[in-house]
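Undergrad: Dumping the structure here so I can ask a few things about it.
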Amino acid sequence: MKKLACITLDMEPDYGNPEKRIRLLENSEYFERYVSIINKYNVKVTMFTVTNLFEKFGDVFSNLATRIPLEYSVHSHTHDPHNACSLDEVQNSKQAYTNFTGKIPIGYRAPIGRIDKAGLGHLLDNEFMYDASVYPSVRPGEFGYSNLHMPNIPFRVKRADGKSLIEFPFTAIEKIRIIFALSYAKLFGWGIYSLLLKTFGLPNHVLLLSHPHDFYFASIPNSTVTGAEKFALSRNSAKAFDYFEKMIQFLVKQKYEFVFVSELAKEVKYYRIQEIAWEHWK
Ligand SMILES: [Zn+2]
Numbered sequence: 133m134k135k136l137a138c139i140t141l142d143m144e145p146d147y148g149n150p151e152k153r154i155r156l157l158e159n160s161e162y163f164e165r166y167v168s169i170i171n172k173y174n175v176k177v178t179m180f181t182v183t184n185l186f187e188k189f190g191d192v193f194s195n196l197a198t199r200i201p202l203e204y205s206v207h208s209h210t211h212d213p214h215n216a217c218s219l220d221e222v223q224n225s226k227q228a229y230t231n232f233t234g235k236i237p238i239g240y241r242a243p244i245g246r247i248d249k250a251g252l253g254h255l256l257d258n259e260f261m262y263d264a265s266v267y268p269s270v271r272p273g274e275f276g277y278s279n280l281h282m283p284n285i286p287f288r289v290k291r292a293d294g295k296s297l298i299e300f301p302f303t304a305i306e307k308i309r310i311i312f313a314l315s316y317a318k319l320f321g322w323g324i325y326s327l328l329l330k331t332f333g334l335p336n337h338v339l340l341l342s343h344p345h346d347f348y349f350a351s352i353p354n355s356t357v358t359g360a361e362k363f364a365l366s367r368n369s370a371k372a373f374d375y376f377e378k379m380i381q382f383l384v385k386q387k388y389e390f391v392f393v394s395e396l397a398k399e400v401k402y403y404r405i406q407e408i409a410w411e412h413w414k
């Protein structure tokens, strides 16, 4: 089985920023640093985009697409965690994506992993080929989940009418189920995180998770994020670009080939992978 890695970027307004700016795109220092890391390692970026941003940020996205290998995928229409995969969100995001790209979207990622059975049903009805929303881990709190029963590798969700899609869970470090995300590398610090990576390893198919705010969280002014969450997200903020590069270097050393999520989906489509009946989703 080929070792394939996807770099994913969830394109959404900076977390906790009332002005809803996206500094990764606006700040030329951030922007150029990001572009240079992507190109240095010839990686490909799949950008799960909140589709109502196409209107305001369309030109900036198009500019980014001239600088790095970039494909768009869908990260809901409005990024409302209380309405992450409703029929409206699925249909509106599909429409906005099609208007902007001229293509039909094949992939969806629900805000903060809040996919559910009904949402998967809407994706099946709307001919989506994959979903990439399940955290195979545990998170406490209002938007918490406990998904240790979920696979850490791609699986198929199949409905009785024969329709199916591939679910790409967020990749976790094997056994310990810590997500392969820039935010987690920053939380643990590279010393510990890299030790965990080397000790337990990653599966053959990897999706690295990142958000614009991961690269500069502590520098976002007037943040509405407070307390433990602010502390956690602010850790090692100044080292974020370095950590991102180290995560890519780890994949290079482990001989992963970099592909878009759409390419991974087309590859996995023909694999014998675990199948979960949509009717039994929980
Ligand atoms: Zn998001």
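In terms of the working numbering, the sequence shown is residues 133 to 414.
Even glycine gets a Cβ: it sits at the ideal position worked out from N, Cα and C.
All of these numbers come straight from a predicted model, not from anything done at the bench.
For the alpha helix (DSSP H) holding THR230, just list the boundary residues, first then last.
TA: 219 to 233
Undergrad: How long is the line joining the alpha carbons of THR356 and LYS295, rounded to whole angstroms?
TA: The straight-line gap from Cα to Cα measures roughly 42 Å.
Undergrad: Return the first residue and the last residue of the beta strand (DSSP E) that ILE298 is part of.
TA: 296 to 299
Undergrad: Run through the DSSP bridge pairs and tell me what ILE206 is partnered with.
TA: A small correction: the amino acid at residue 206 is Val; Ile does not occupy that position in the sequence shown. Beta-bridge partners assigned by DSSP to VAL206: THR181, TYR240.
Undergrad: Beta carbon of HIS207, beta carbon of PHE180: below 8 Å?
TA: Yes, the Cβ-Cβ distance between HIS207 and PHE180 is below 8 Å.
Undergrad: Exposed or buried, HIS254, counting other C-beta atoms within 10 Å across all chains shown (16 or more means buried)?
TA: buried
Undergrad: Looking at ligand 1, does it come within less than 7 Å of PRO243, judged from the CB to the closest heavy atom?
TA: yes
Undergrad: Leaving out the 5 sequence neighbours to the left and right, which residues in its chain are closer than 8 Å to ARG288 when beta-carbon positions are compared?
TA: SER296, LEU297, ILE298, GLU299, ILE405, GLN406, GLU407, ILE408
Undergrad: With 16 as the cutoff for other CB atoms within 10 Å, does ILE236 come out buried or exposed?
TA: exposed
Undergrad: Can we say the segment 260 to 270 touches the segment 370 to 383, given the rule of at least three CB pairs closer than 8 Å?
TA: no
Undergrad: In terms of alpha-carbon separation, which member of PRO301, GLY239, PRO344, ARG165 lies closest to ARG199?
TA: Residue ARG165 is the option with its Cα nearest to ARG199.
Undergrad: Compute the beta-carbon to beta-carbon distance between ILE311 and LEU341, rounded to the nearest angstrom, for a pair I have assumed lies under 8 Å.
TA: 6 Å
Undergrad: Could you give the distance in angstroms between the alpha-carbon of HIS343 and the alpha-carbon of ASP293?
TA: 36 Å
Undergrad: Nearest-angstrom Cα distance between GLU187 and TYR267?
TA: 29 Å
Undergrad: Three-state secondary structure (DSSP) at MET379?
TA: helix
Undergrad: Scan the segment 244 to 312 and note each continuous beta strand (DSSP E) run of 3 residues or more that stays entirely inside, going in chain order.
TA: 287 to 290, 296 to 299
Undergrad: When we look at the beta-carbon of ASP142 and count the other beta-carbons within 10 Å, is it buried (16 or more) or exposed?
TA: buried
Undergrad: Can we say the segment 155 to 164 touches the segment 272 to 291, given the rule of at least three CB pairs closer than 8 Å?
TA: no
Undergrad: By DSSP's criteria, SER160 is part of a beta bridge. Which residues make up the other side?
TA: DSSP, once it has assigned bridges, lists no residue as partnering SER160.
Undergrad: Could you tell me the distance, in whole angstroms, from the CA atom of ALA350 to the CA atom of ARG271?
TA: Taking the straight line from one Cα to the other gives about 22 Å.
Undergrad: How is ALA409 classed by DSSP in three states: helix, strand or coil?
TA: strand
Undergrad: Quick check: the Cα distance between VAL222 and HIS209, rounded to an integer number of angstroms?
TA: The alpha-carbon separation between VAL222 and HIS209 amounts to approximately 7 Å.
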